[in-house]
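Notes follow once the structure below has been shown.
There are 2 protein chains.
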Amino acid sequence: MSVPEKEITIYDIARALDLSPATVSRALANHAAISIKTKKRIQEAAQAMGYRTNRMASNLRKKRSNIIGVIVPRLNSSFMSDVLAGMEKVLNQAGYNIIISQSFETAAKEITNAQAMYNNRVDGLLVSLAYESHHTNHFDAFTQRNIPIVYFDRVLKDDHNPGVMIDNVKAAYAITEHLIKQGCRQIVHVTAQHLHSVYKQRLEGFKQALLDNSMPFSYDMVLGSDLTLSGSTEIADLVMNLPTQPDGIFAANDACAVNCIMGLKEKGISVPHDIAVAGFNNDPVACISEPKLTTVNYDGYAMGEASARVLLKRLNNQYDATTDKEVILPAELIIRGSTLRNK
Amino acid sequence: MSVPEKEITIYDIARALDLSPATVSRALANHAAISIKTKKRIQEAAQAMGYRTNRMASNLRKKRSNIIGVIVPRLNSSFMSDVLAGMEKVLNQAGYNIIISQSFETAAKEITNAQAMYNNRVDGLLVSLAYESHHTNHFDAFTQRNIPIVYFDRVLKDDHNPGVMIDNVKAAYAITEHLIKQGCRQIVHVTAQHLHSVYKQRLEGFKQALLDNSMPFSYDMVLGSDLTLSGSTEIADLVMNLPTQPDGIFAANDACAVNCIMGLKEKGISVPHDIAVAGFNNDPVACISEPKLTTVNYDGYAMGEASARVLLKRLNNQYDATTDKEVILPAELIIRGSTLRNK
DNA sequence: CTGTTAGCGCTTTCAG
DNA sequence: CTGAAAGCGCTAACAG
Numbered sequence: 010m011s012v013p014e015k016e017i018t019i020y021d022i023a024r025a026l027d028l029s030p031a032t033v034s035r036a037l038a039n040h041a042a043i044s045i046k047t048k049k050r051i052q053e054a055a056q057a058m059g060y061r062t063n064r065m066a067s068n069l070r071k072k073r074s075n076i077i078g079v080i081v082p083r084l085n086s087s088f089m090s091d092v093l094a095g096m097e098k099v100l101n102q103a104g105y106n107i108i109i110s111q112s113f114e115t116a117a118k119e120i121t122n123a124q125a126m127y128n129n130r131v132d133g134l135l136v137s138l139a140y141e142s143h144h145t146n147h148f149d150a151f152t153q154r155n156i157p158i159v160y161f162d163r164v165l166k167d168d169h170n171p172g173v174m175i176d177n178v179k180a181a182y183a184i185t186e187h188l189i190k191q192g193c194r195q196i197v198h199v200t201a202q203h204l205h206s207v208y209k210q211r212l213e214g215f216k217q218a219l220l221d222n223s224m225p226f227s228y229d230m231v232l233g234s235d236l237t238l239s240g241s242t243e244i245a246d247l248v249m250n251l252p253t254q255p256d257g258i259f260a261a262n263d264a265c266a267v268n269c270i271m272g273l274k275e276k277g278i279s280v281p282h283d284i285a286v287a288g289f290n291n292d293p294v295a296c297i298s299e300p301k302l303t304t305v306n307y308d309g310y311a312m313g314e315a316s317a318r319v320l321l322k323r324l325n326n327q328y329d330a331t332t333d334k335e336v337i338l339p340a341e342l343i344i345r346g347s348t349l350r351n352k
Numbered sequence: 010m011s012v013p014e015k016e017i018t019i020y021d022i023a024r025a026l027d028l029s030p031a032t033v034s035r036a037l038a039n040h041a042a043i044s045i046k047t048k049k050r051i052q053e054a055a056q057a058m059g060y061r062t063n064r065m066a067s068n069l070r071k072k073r074s075n076i077i078g079v080i081v082p083r084l085n086s087s088f089m090s091d092v093l094a095g096m097e098k099v100l101n102q103a104g105y106n107i108i109i110s111q112s113f114e115t116a117a118k119e120i121t122n123a124q125a126m127y128n129n130r131v132d133g134l135l136v137s138l139a140y141e142s143h144h145t146n147h148f149d150a151f152t153q154r155n156i157p158i159v160y161f162d163r164v165l166k167d168d169h170n171p172g173v174m175i176d177n178v179k180a181a182y183a184i185t186e187h188l189i190k191q192g193c194r195q196i197v198h199v200t201a202q203h204l205h206s207v208y209k210q211r212l213e214g215f216k217q218a219l220l221d222n223s224m225p226f227s228y229d230m231v232l233g234s235d236l237t238l239s240g241s242t243e244i245a246d247l248v249m250n251l252p253t254q255p256d257g258i259f260a261a262n263d264a265c266a267v268n269c270i271m272g273l274k275e276k277g278i279s280v281p282h283d284i285a286v287a288g289f290n291n292d293p294v295a296c297i298s299e300p301k302l303t304t305v306n307y308d309g310y311a312m313g314e315a316s317a318r319v320l321l322k323r324l325n326n327q328y329d330a331t332t333d334k335e336v337i338l339p340a341e342l343i344i345r346g347s348t349l350r351n352k
């Protein structure tokens, strides 16, 4: 790639080929009304002269920023990394840049991030809500400006913007039923302190599975945790201090499930013999714990692609609410040692 | 925040206050030559009218993009997530946006990403090199255009651009010496297949520690791995098939170290009694393995901040090669169960 | 199929 | 301390 002294503009190319800047502009945008021959000539010249589009100028003229904002709770999971790779692929192909910011699960940071994205005039927004976010008022400015938003993974049902997610109820149902089939008769659910979107749904699936299998459900069987990788002793204490000792745990994510396994083992309890444990997400840590963790797997890359595609549809006025308002991606139960009692 | 029907420009504000656009522009940029009073009046009006800067226009005029490109091997580690948070804080404060792309450790993707960043006219670049990258020719265009680059974590010594890193030799030396003090007499080093930057340095520290403690060093004691979380059996096989069984393993990262522990345990070998194991990075997984992993910890957030600050210095012509060319951040040995033989 | 022209919203000399 | 005016590089009517 040649790097000229001075930045080359379409005027330079026009002058070199004795054409008008308009023609050059059109050719570079691959406009239909330019002869293939001229197009080729122009594109080759651009290449040879080391031309690169001035997006600032183009964007100013087109009144767009070409930037898509992405707000996520945290980047530090292989799931999120895959999601972003999927988004990047689809959006870069469509000529967009991505700016990413982390809310670190706090509403305050999410609001600040949203503000920053608004001031940066993003053309669209992809959001996975912070654990703390129970409403989406901080995105109202976008709606008023007609800037499309697509939520992914962490979606609030009552928002009019589309969401891309998995069926958390169904997956939680499946994993709970698996525990029951393994012989568990007293299962507890360890989840977030406040039941935000996905956690609410996972609890719902848990509850349904119990009821459908003629097992009692009560909120005493739902324990709160911060769902991080730390505090294994605390969570084990919580489980052990229940009036009747459970023989199964369904944790709302893998980090918490692994913590449970570690804490229980420290107390001399055998997993899965005394207590079977299942998680959610199929994080790499699920294969490190001993025994390995039964969990729910879903494809981050596909979710990234799907969300980006819905956003593009909205940007290109090809959005169809009947199919795009709610995109449900598949999730599968992954059975591993932590729930296999009869091995 | 009020959201007006139509986008407000500095002309609107100027008209409303009976001033010139130039004055408004200066006031909003906090220019010294505007009276405090007028400044305040303008800033309040801007706020009230729901004005937001048009960065496309501003950037076009100033011939900058206000974008900093960040290229990383992968996002999916808590370390990288911290690094990016640190960068974001410093750069957003300075008015920059960040676009991030992942090379997935391949040279090809890194080159594509660099191209894309160049075409997007980033004002600066922050790069952590892909495992596969053994030169930095693909960044030449930036240098020719005088676009500053700062490398972080994965740095190549022979590049003229500055780098922010830890002292890998020293840290590897410390961890190896710790293994020796624990009584290990036959230590192997499991590292990447090709010895790129940090891995070369960690090997160097390993070697020095052995030699300084009158222990023999040979390349038979250096095993290659892909350093991921998968393949515990393979790596254990490699270790077990050595002519003399080692009593210590220093793995070049935590994922690999955890893999070693798992593989060895599967083969009935006790860690740390038969073989002590140490890693590098202090990844969250270091606390999941049993026993917990001895490792080297360093602060991602600080590294992100430091790299961003060096970049800002270059952008503002405050770069001082004597202090900024090579920034070495602290790293500390974290001793945990996996290397404590006399417990 | 190609050219002319105006203008996107801002910054920055230069002039008062 | 404030204003007038030019122009950053591109696109999209409109006109041929």
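First to last, the sequence lines map onto chains A and B. Numbered according to this note's numbering, the first sequence spans residues 10 to 352. Numbered according to this note's numbering, the second sequence spans residues 10 to 352. Beta carbons are placed, not taken as given, at the ideal position from N, Cα and C, and that holds for glycine. Computed from a predicted structure; not experimentally measured.
Q: Could you check what DSSP says for A:Met224 in three-state terms: helix, strand or coil?
A: Here residue 224 of chain A refers to the residue found at position 215 of the first sequence. Coil at A:Met224, not helix or strand.
Q. Quick one: what does DSSP say B:Val33 is sitting in, helix, strand or coil?
A. The residue labelled residue 33 of chain B in the question sits at position 24 within the second sequence. DSSP places B:Val33 in helix when its eight states are reduced to three.
Q: Name the one or two DSSP bridge partners that A:Tyr160 has.
A: One-based indexing of the first sequence puts residue 160 of chain A at position 151. Beta-bridge pairing links A:Tyr160 to A:Val136 and A:Gly172.
Q | Other residues of its chain near B:Ser29: CB distance less than 7 Å, five sequence neighbours each side excluded | A | For this step, residue 29 of chain B is matched to residue 20 along the second sequence. The answer, listed in chain order, is Ala23.
Q. How would you label A:Glu114, buried or exposed, when you count the other beta carbons within 10 angstroms and need 16 or more for buried?
A. Taking the first sequence and counting its residues from 1, the one referred to as residue 114 of chain A is at position 105. Its Cβ being crowded by 16 or more others within 10 Å, A:Glu114 is buried.
Q: For B:Ala41, count neighbouring Cβ atoms within 10 angstroms of its own Cβ and tell me buried if that reaches 16, exposed if not.
A: Looking up residue 41 of chain B in the second sequence gives position 32. By the 10 Å Cβ count, B:Ala41 comes out exposed.
Q.
Between B:Ala66 and chain A, is the shortest Cβ-Cβ distance under 7 Å, so that the two count as touching?
A. Locating residue 66 of chain B in the second sequence gives position 57, where the first residue counts as 1. Cβ-Cβ to chain A under 7 Å: yes for B:Ala66.
Q. By a C-beta neighbour count over all protein chains shown, 10 Å radius and 16 as the cutoff for buried, is A:Thr332 buried or exposed?
A. On the first sequence, position 323 is the one that residue 332 of chain A refers to. Per the 10 Å Cβ criterion, exposed.
Q: Determine the contact status of B:Leu320 and B:Val159, defining contact as a CB-CB distance below 7 Å.
A: Indexing the second sequence from 1 puts residue 320 of chain B at position 311. Indexing the second sequence from 1 puts residue 159 of chain B at position 150. Yes.
**Q.** Where A:Val294 meets chain B, residues with beta-carbon distance less than 9 Å
**A.** Residue numbering aside, residue 294 of chain A sits at position 285 when the first sequence is read from its first letter. The contacting residues are Leu238, Pro293, Val294 and Ile297.
Q. When the Cα atoms are used, what is the spatial distance from A:Glu14 to B:Ala150?
A. Within the first sequence, residue 14 of chain A is the residue found at index 5, counting from 1. Within the second sequence, residue 150 of chain B is the residue found at index 141, counting from 1. When rounded, the distance between both Cα atoms is 11 Å.
Q.
If contacts are defined as beta-carbon pairs under 8 Å, then A:Ala311 and A:Glu275 qualify, I think. What distance do you get, rounded to the angstrom?
A. Your numbering for residue 311 of chain A matches position 302 in the first sequence. Your numbering for residue 275 of chain A matches position 266 in the first sequence. Rounded, the Cβ-Cβ distance is 37 Å, inconsistent with contact.
Q. Taking the alpha-carbon positions, what's the A:Thr145 to A:Cys265 distance?
A. In the first sequence, residue 145 of chain A corresponds to position 136, counting from 1. In the first sequence, residue 265 of chain A corresponds to position 256, counting from 1. The alpha-carbon atoms of A:Thr145 and A:Cys265 are separated by roughly 27 Å.
Q.
Would the stretch 73 to 92 of chain B count as touching the stretch 80 to 91 of chain A if we require 3 or more Cβ pairs under 8 Å?
A. Touching, yes, given that three or more Cβ pairs across the two stretches are closer than 8 Å.
Q.
Does B:Glu16 come out as helix, strand or coil in the three-state DSSP assignment?
A. Your numbering for residue 16 of chain B matches position 7 in the second sequence. Coil, per DSSP.
**Q.** Reduced DSSP secondary structure (H/G/I, E/B, other) of A:Gln356
**A.** Since the first residue of chain A shown is 10 and the last is 352, residue 356 of chain A is not available in this structure.
Q: Give the residues from the stretch 85 to 105 of chain A that approach chain B closer than 9 Å (Cβ to any Cβ), ordered along the chain.
A: Asn85, Ser86, Ser87, Phe88, Met89, Ser90, Asp91, Leu93, Ala94, Glu97 and Asn101
Q | 7 Å Cβ cutoff, B:Gln56 in contact with chain A | A | Your numbering for residue 56 of chain B matches position 47 in the second sequence. Chain A, which has no Cβ nearer than 7 Å to the Cβ of B:Gln56, makes this no.
Q) Just how far apart, CA to CA, sit B:Cys1 and B:Gly277? A) This structure cannot settle anything about residue 1 of chain B, because the visible part of chain B is limited to 10 through 352.
(Q) By DSSP's criteria, B:Glu335 is part of a beta bridge. Which residues make up the other side? (A) As a position in the second sequence, residue 335 of chain B is number 326, starting the count at 1. Looking at the DSSP assignment, B:Glu335 forms a beta bridge with B:Gly172.
Q: Have a look at A:Pro339, A:Ile77, A:Gly257 and A:Ala181 and flag the residue whose alpha-carbon is nearest the alpha-carbon of A:Ser279.
A: Counting from one through the first sequence, the residue named residue 279 of chain A turns up at place 270. It is A:Gly257 whose Cα lies nearest to the Cα of A:Ser279.
Q.
Within 10 Å of its beta-carbon, does B:Tyr127 have 16 or more other beta-carbons around it, so buried, or fewer, so exposed?
A. If you number the second sequence from 1, residue 127 of chain B lands on position 118. With 16 or more Cβ atoms within 10 Å of its Cβ, B:Tyr127 is classed as buried.
Q) Is any beta-carbon of chain A found at less than 7 Å from that of B:Leu69? A) As a first step, residue 69 of chain B must be located in the second sequence, where it is residue number 60. Yes - at least one Cβ of chain A is within 7 Å of the one on B:Leu69.
Q. Would you say the stretch 205 to 216 of chain B touches the stretch 170 to 180 of chain B, given that touching needs at least three Cβ pairs under 8 Å?
A. yes
Q) B:Gln111 bridges to which residues according to DSSP? A) Your numbering for residue 111 of chain B matches position 102 in the second sequence. DSSP lists B:Val81 as partners of B:Gln111.
Q | Start-end ranges of the beta strand (DSSP E) lying completely within the stretch 35 to 104 of chain A, minimum 3 residues | A | 76 to 81
Q. By how many angstroms is the C-alpha of A:Ala315 removed from the C-alpha of A:Val99?
A. Start at 1 with the first residue of the first sequence, and residue 99 of chain A comes out as number 90. Start at 1 with the first residue of the first sequence, and residue 315 of chain A comes out as number 306. Rounded to the nearest whole angstrom, the CA to CA distance from A:Val99 to A:Ala315 is 9 Å.
Q | Member of B:Asn170, B:His203, B:Val164 and B:Ala218 whose CA lies at the smallest distance from the CA of B:Gln195 | A | Walking along the second sequence from the start, residue 195 of chain B turns up at place 186. Out of B:Asn170, B:His203, B:Val164 and B:Ala218, B:Ala218 has the C-alpha closest to the C-alpha of B:Gln195.
**Q.** Coarse secondary structure for B:Asn128, derived from DSSP in three states
**A.** The count along the second sequence starts at 1 and reaches residue 128 of chain B at position 119. Three-state DSSP puts B:Asn128 in a helix.
**Q.** As assigned by DSSP and simplified to three states, the class of B:Ala260
**A.** For the purposes of this step, residue 260 of chain B is taken as residue 251 along the second sequence, with counting starting at 1. Looking at B:Ala260 - three-state DSSP - the assignment turns out to be strand.
(Q) Counting only beta-carbon separations shorter than 7 Å, does B:Asn122 have a partner in chain A? (A) The sequence position of residue 122 of chain B within the second sequence is 113, counting from 1. Not one chain A Cβ lies under 7 Å of B:Asn122.
(Q) Just list the residues that DSSP pairs B:Leu232 with in beta bridges. (A) Translated into the one-based positions of the second sequence, residue 232 of chain B becomes position 223. B:Val199, per the DSSP bridge assignment.
(Q) Between B:Val79, B:Ala117, B:Asp162 and B:Ser223, which has its C-alpha nearest B:Ile189's C-alpha? (A) Along the second sequence, read from residue 1 onward, the residue named residue 189 of chain B stands at position 180. The residue with the shortest Cα to Cα distance from B:Ile189 is B:Ser223.
Q.
Using the three-state DSSP reduction, which class does B:Leu251 fall into: helix, strand or coil?
A. Locating residue 251 of chain B in the second sequence gives position 242, where the first residue counts as 1. Correct three-state label for B:Leu251: coil.
Q. Which residues does DSSP pair with A:Glu341 in a beta bridge?
A. Within the first sequence, residue 341 of chain A is the residue found at index 332, counting from 1. Per DSSP, A:Asn306.
Q.
According to DSSP, simplified to helix, strand and coil, what is A:Asn325?
A. Position 316 of the first sequence, counted from the start, is the residue given in the question as residue 325 of chain A. Three-state DSSP puts A:Asn325 in coil, outside helix and strand.
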